[in-house]
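Comments concern the structure below.
2 protein chains.
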Amino acid sequence: MLAAEIIAIGSELLAPDRTDTNSLWLTEKLNRIGIDVKLKTIVGDDDARLEELIKDAVKRSRVVITTGGLGPTEDDITRKVVARALGLRLLLDEKVLNEIRARFQSFGMTMPERNSRQAMVIDGAEILPNPNGTAPGLYLEHEGCSIALFPGPPREMNPMFENHVQSRLEKLAGDLRFARRVLRVAGMGESAVDEKIAPIYTRYENPQTTILFNSSEIEIHLRAHGRTEADAEALLDDLSLKIEEALGNSVFSFRGETMEEVVGRRLSITGFTVAVAESCTGGLIAQRLTNVPGSSKYFTEGVVTYSNESKTRLLGVDKELIREFGAVSQQVARDMARGVRHRAHTDFGLAVTGIAGPDGGTEDKPVGLVYIALADDAHTEHKRLMLPGDRELIRWRASQAALDMLRRRLI
Amino acid sequence: MLAAEIIAIGSELLAPDRTDTNSLWLTEKLNRIGIDVKLKTIVGDDDARLEELIKDAVKRSRVVITTGGLGPTEDDITRKVVARALGLRLLLDEKVLNEIRARFQSFGMTMPERNSRQAMVIDGAEILPNPNGTAPGLYLEHEGCSIALFPGPPREMNPMFENHVQSRLEKLAGDLRFARRVLRVAGMGESAVDEKIAPIYTRYENPQTTILFNSSEIEIHLRAHGRTEADAEALLDDLSLKIEEALGNSVFSFRGETMEEVVGRRLSITGFTVAVAESCTGGLIAQRLTNVPGSSKYFTEGVVTYSNESKTRLLGVDKELIREFGAVSQQVARDMARGVRHRAHTDFGLAVTGIAGPDGGTEDKPVGLVYIALADDAHTEHKRLMLPGDRELIRWRASQAALDMLRRRLI
Chain A
196 MLAAEIIAIG
206 SELLAPDRTD
216 TNSLWLTEKL
226 NRIGIDVKLK
236 TIVGDDDARL
246 EELIKDAVKR
256 SRVVITTGGL
266 GPTEDDITRK
276 VVARALGLRL
286 LLDEKVLNEI
296 RARFQSFGMT
306 MPERNSRQAM
316 VIDGAEILPN
326 PNGTAPGLYL
336 EHEGCSIALF
346 PGPPREMNPM
356 FENHVQSRLE
366 KLAGDLRFAR
376 RVLRVAGMGE
386 SAVDEKIAPI
396 YTRYENPQTT
406 ILFNSSEIEI
416 HLRAHGRTEA
426 DAEALLDDLS
436 LKIEEALGNS
446 VFSFRGETME
456 EVVGRRLSIT
466 GFTVAVAESC
476 TGGLIAQRLT
486 NVPGSSKYFT
496 EGVVTYSNES
506 KTRLLGVDKE
516 LIREFGAVSQ
526 QVARDMARGV
536 RHRAHTDFGL
546 AVTGIAGPDG
556 GTEDKPVGLV
566 YIALADDAHT
576 EHKRLMLPGD
586 RELIRWRASQ
596 AALDMLRRRL
606 I
Chain B
196 MLAAEIIAIG
206 SELLAPDRTD
216 TNSLWLTEKL
226 NRIGIDVKLK
236 TIVGDDDARL
246 EELIKDAVKR
256 SRVVITTGGL
266 GPTEDDITRK
276 VVARALGLRL
286 LLDEKVLNEI
296 RARFQSFGMT
306 MPERNSRQAM
316 VIDGAEILPN
326 PNGTAPGLYL
336 EHEGCSIALF
346 PGPPREMNPM
356 FENHVQSRLE
366 KLAGDLRFAR
376 RVLRVAGMGE
386 SAVDEKIAPI
396 YTRYENPQTT
406 ILFNSSEIEI
416 HLRAHGRTEA
426 DAEALLDDLS
436 LKIEEALGNS
446 VFSFRGETME
456 EVVGRRLSIT
466 GFTVAVAESC
476 TGGLIAQRLT
486 NVPGSSKYFT
496 EGVVTYSNES
506 KTRLLGVDKE
516 LIREFGAVSQ
526 QVARDMARGV
536 RHRAHTDFGL
546 AVTGIAGPDG
556 GTEDKPVGLV
566 YIALADDAHT
576 EHKRLMLPGD
586 RELIRWRASQ
596 AALDMLRRRL
606 I
C-alpha cells in the first residue's frame, strides 16, 4: 500500500485542548482509496521544524498532505517553508490575486494588502480552488512525491480534497479499493463477544477485524480490500453476516448507526409510539430519542421524575410501593413504565430508575444499581443492572440498556 | 522556554477514529511547568520511521517524551528502536524481570516468556516504576536531551509522569511557572466579545489571550507566567477581572466550569428549585442539569412535551393558545414555564419551544426559531431566538440560552 503522511501546521493546534480532526477525516478518505497513513505530525508556526519535516516527509512517503498555515498573516508559513524545503521558487500568480480581490469585492470589501500573500504559488504547483475561503490550495509532484497543501478550516479543506485531489491519488494508489464497516454491539461484555467471534474473524486476513471497547458499546471494525469497492463490500457483507449469526440480536447496528437511530427507524416503520419516564438518566433517553430528525412521529412525551412526589403525580406510581420497596426498585420501575404509557396513550412506556452516584448509594442499593422497565398493552418486563463507571457513564449505560430493551422488543 | 516534543507510538493510533489523548494531557502538564510543546507525532509500529524521528527529535528538542510501544509483543518496538537511534545497548535488567514475575505471581499466574522483553533496559537509563501495569518506563539524559519513555495506557502513564518525571523536568525548566485559565461567555457574539476586550488584552503580553469559538460558547483562554505559580495566578486574576468588568454578566465561568455546574451551584447556594418543560430540546436541559452530582437538591422534575396534547395535559397550556399562536410562540413558551412551575411546586419554571429542524420550518417560523421562557412567583420573562446551525447545534444552543436565562435571574 502507498504510504502517506499528514502534517498539521499551526501553533494553536499544540494547545492542550485542541485535537487535529482534519487528520482523522483525511485518514478515513485515504484508507478508503487504499493509501496507508504512516505518520501524522502537528507542528507550530515554526520555520526550522517545518522545513526539516517537509524534507524528511518527501523522502520517506509517496504522499504528503499538509493542512493549515495558508492564511494571510506573518504566522502563515506553509507556502514559504514548503517552497524552501523543496528548493523551489515562490511566484505571485496574477490570476489567483484577481480572484481573491474579486472575492472581497463580492462582499463589498477591498482586499487588505496582506491577503496578496495568498496569491503566492510554488513554482510548478497547480492551484486548488477554494470556493469557501480566500486561501487556495496547492498540489505538486516533486521527485516522486505527491504533495498537497490545504487550508486548515474543514469546510474549506474537505471539498477541496474531494473535488481536486482524491481522484489523482486514487490513480496513484492503483487497483486496490478499500471499504470499512462498523458493527455495534449492546448487551454483551467484551470478552463474551471476542470468545464468540474470534474463531470466525481470525480465519480471515481480508477483512481485517479490530474490536474496540468504547464507553458503553463494543464496536467491531472491519476493513476489506478488493479490485473494486463492490468486491470489498461483498467481503464485508460475508463476514458481517457470520458475525451476526454468532452474536444474534446483540448486533444492533451495521453501518455505525447509533442506538437511537436504530430504535427510531424501527418505531417509524412499525408505526408504534413511545413515552419515557426517567429518574437517574435525567432526560438523557428523551434527549437521545429526540436527537433523531423526525422523532416527533413516534416520540410524544417524556417525564423526568427526580422526586418521589413527581413519580406519583406525573406517573401515578403508588406511594405505598415507593415506601415499601424504595424509589430504586423493580416495582417502581415497572409502575413508571406502565404509568407513562397509560397517561401518554402510547404503545410503549419505557422507564429507568437507579443510583448514578457519586452519592446516594447504600449497602443494599449501591451506586450503579439501575432498574429498567418496558410496558406495552399486554405485559411489562424489567431488568436489574449493576453498572460500573462514574455518574456520566452509569447514566449513559443505563440509557443504552433501556433503548436496547425497546429495540429487542421491536424486532 | 524549553522545547519538548511528544511521540505517540502504535499503529492503532493511526486509525481514522482514534485521537491521541496522551499528548493533550502531557501538553497541559508540560505547559504548566514552563515547557513548550513544539511538535507532536503519531507513528505506527514502524522501525525505520520511528528511528528517524527519534534521531531528529533528540537533536532539535531539549525534552522528548514517547508513549506506547512498551508492551510484550513483537509489535512493541519502542525500547529497541530508541536504543538503536541513540547508539546505546539494550540490557536485560534482572531486578525488573523479577518484579514483572512477581506481578504475575500476585495474580496467581506464571509470567509468559514474551514478557521478559519488558525487562530490557537501555544502557544508562533509569527505570520508571509502573504500579498499574507490567511495562516499566525509562528515563535518560543523552547528549543534552531528556528522554522519557512511557507505556500507552493513561492510567499507567499519568501517575508515572507525575511521580517520577515531572519534578526532574521542573528543575530543567528553570524558574518560570505557568498558569492557565478558561473564561466562558454566553449571550454575546464572537465579534462583540472581541470588540469589547481586544483593547484590554492586547495591552498584555503576559498573560497571553486567545479567543476560541466552540459550538455554542465563546471561550477566552488566558495563559500567564511568573516566578511562582502564585505570581502567574495573580496576573490571571488581574486580567480576568478587567475582562469581567468589560463583559459583565456574560462571563459565566472563570475556571472552565460548565453552564449547568454554574447554574447548579447558584441554585444550591440560594436553596431555590427548578422544573423544566421542553419541546425542541427534547430533554437536553433536564439531562444537563441532572448530570451535575447533587442536582436532586434543586431539580425536581422535567417534562418533554413533544405533542400538543401533552403540552395541555402535562403543563396545562391552553389549547386555544396553541391553536391561535402555534406551539412555537412566546405565548406557549410562557404558559409552559408557568405550567411546569405551578405543577411541580418549584421556585422557577424554565421552558423551551422551537423548531430544531431539519423539517418543520415554514416561512413565518423557520428552522432555528426558538422561544425560551422563565417563570417565578412574581413574573414571567421570555426571549425569541433565531439560532443558526444543524439540529444538534440548535438544540444545544437553545439549552444554553435557557440555562443562561436562569443563571442571570439567579445573580
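Residue numbers (the numbering used here), protein chains in the order written: chain A, 196 to 606; chain B, 196 to 606.
No residue lacks a Cβ here, since even glycine has one placed at the ideal position from N, Cα and C.
In this text, all values refer to a predicted model and were calculated from it rather than measured experimentally.
Proximity of residue i and residue j at Cβ, strictly below 8 Å
| i | j | result |
| --- | --- | --- |
| L248 (chain B) | I272 (chain B) | no |
| F345 (chain B) | T262 (chain B) | yes |
| K578 (chain A) | Q361 (chain A) | no |
| R533 (chain A) | A470 (chain A) | no |
| V388 (chain A) | R602 (chain A) | no |
| Q482 (chain A) | G478 (chain B) | yes |
| L208 (chain A) | F356 (chain A) | no |
| A441 (chain B) | K391 (chain B) | yes |
| V238 (chain B) | I204 (chain B) | yes |
| A368 (chain A) | L605 (chain A) | no |
| V523 (chain A) | I550 (chain A) | yes |
| I480 (chain B) | L598 (chain B) | yes |
| N325 (chain B) | R350 (chain B) | no |
| A593 (chain B) | T476 (chain B) | yes |
| Y334 (chain B) | A314 (chain B) | no |
| I517 (chain A) | A546 (chain A) | no |
Interface residues of chain A facing residue i [CB-CB closer than 8 Å]
| i | result |
| --- | --- |
| P488 (chain B) | G552, P553, D554, R586 |
| E496 (chain B) | V498, V499, T500, Y501, S502, S505, L509 |
| D195 (chain B) | Beyond the ends of chain B as shown, which are 196 and 606, falls residue 195 (chain B); an answer cannot be given. |
Local conformation of residue i per DSSP, three classes
| i | result |
| --- | --- |
| S445 (chain A) | helix |
| K391 (chain B) | helix |
| E400 (chain B) | coil |
| G497 (chain A) | strand |
| V471 (chain A) | strand |
| D231 (chain A) | strand |
| R592 (chain B) | helix |
| E452 (chain A) | coil |
| L265 (chain B) | coil |
| I201 (chain B) | strand |
| H359 (chain B) | helix |
| L371 (chain A) | coil |
Residue environment, residue i, which counts as buried when at least 16 other CB atoms sit within 10 Å
| i | result |
| --- | --- |
| E308 (chain B) | exposed |
| N358 (chain B) | exposed |
| M531 (chain B) | buried |
| L287 (chain A) | exposed |
| D270 (chain B) | exposed |
| H420 (chain A) | buried |
| T548 (chain B) | buried |
| D554 (chain A) | exposed |
| K284 (chain A) | According to the sequence provided, residue 284 (chain A) is Arg. The question's Lys does not apply to it. It counts as exposed. |
| T423 (chain B) | exposed |
| S301 (chain B) | exposed |
| S218 (chain A) | buried |
| S490 (chain B) | buried |
| G563 (chain A) | buried |
Cross-chain neighbours of residue i in chain A, by beta carbon under 9 Å
| i | result |
| --- | --- |
| E269 (chain B) | Ordered by position in chain A, no residue passes the 9 Å Cβ test against E269 (chain B), which lies about 17 Å from the chain. |
| S463 (chain B) | Within 9 Å Cβ-Cβ: nothing; S463 (chain B) doesn't reach chain A, min ~13 Å. |
Contacts that residue i makes with chain A (C-beta to C-beta distance below 7 Å)
| i | result |
| --- | --- |
| N226 (chain B) | P211 |
| A539 (chain B) | S505 |
Cross-chain neighbours of residue i in chain B, by beta carbon under 8 Å
| i | result |
| --- | --- |
| D240 (chain A) | Within 8 Å Cβ-Cβ: nothing; D240 (chain A) doesn't reach chain B, min ~11 Å. |
| V232 (chain A) | L209 |
Listed by chain order, chain B residues near residue i by CB distance under 9 Å
| i | result |
| --- | --- |
| T305 (chain A) | Within chain B, no residue comes near T305 (chain A); the closest Cβ sits about 19 Å away, beyond 9 Å. |
Chain B contact residues for residue i, given Cβ-Cβ distances below 7 Å
| i | result |
| --- | --- |
| E223 (chain A) | P211 |
**Prompt:** Are the segment 500–516 of chain B and the segment 489–500 of chain A in contact at 8 Å, needing three or more beta carbon pairs?
**Reply:** As far as the Cβ criterion goes, the segment 500–516 of chain B touches the segment 489–500 of chain A, which means the pair count is three or higher.
**Message:** Is it the case that the segment 477–491 of chain B contacts the segment 555–569 of chain B, given that we only count it when at least three CB pairs across the two stretches are under 8 Å?
**Reply:** Segments in contact, no.
**Prompt:** Does the pairing of the segment 440–449 of chain A with the segment 372–381 of chain A give three or more beta-carbon distances under 8 Å?
**Reply:** Contact holds: three or more Cβ-Cβ distances are below 8 Å.
**Prompt:** Touch check for the segment 250–258 of chain A and the segment 337–345 of chain A: three-plus C-beta pairs under 8 Å?
**Reply:** The segment 250–258 of chain A, when compared against the segment 337–345 of chain A, does touch it at the 8 Å Cβ threshold.
**Message:** For the segment 453–470 of chain A against the segment 436–445 of chain A, do three or more pairs of beta-carbon atoms, one drawn from each stretch, fall closer than 8 Å, so that the two count as touching?
**Reply:** The segment 453–470 of chain A vs the segment 436–445 of chain A: no contact.
**Prompt:** Using 8 Å as the threshold, is the segment 368–376 of chain B in touch with the segment 285–303 of chain B, meaning 3 or more CB pairs across them?
**Reply:** Of all C-beta pairs linking the segment 368–376 of chain B to the segment 285–303 of chain B, fewer than three are shorter than 8 Å, placing the two stretches out of contact.
**Touch test, the segment 455–468 of chain B against the segment 395–408 of chain B, Cβ-Cβ under 8 Å, three pairs minimum** = By the Cβ test, the segment 455–468 of chain B is not in contact with the segment 395–408 of chain B, since fewer than three Cβ pairs between them sit closer than 8 Å.
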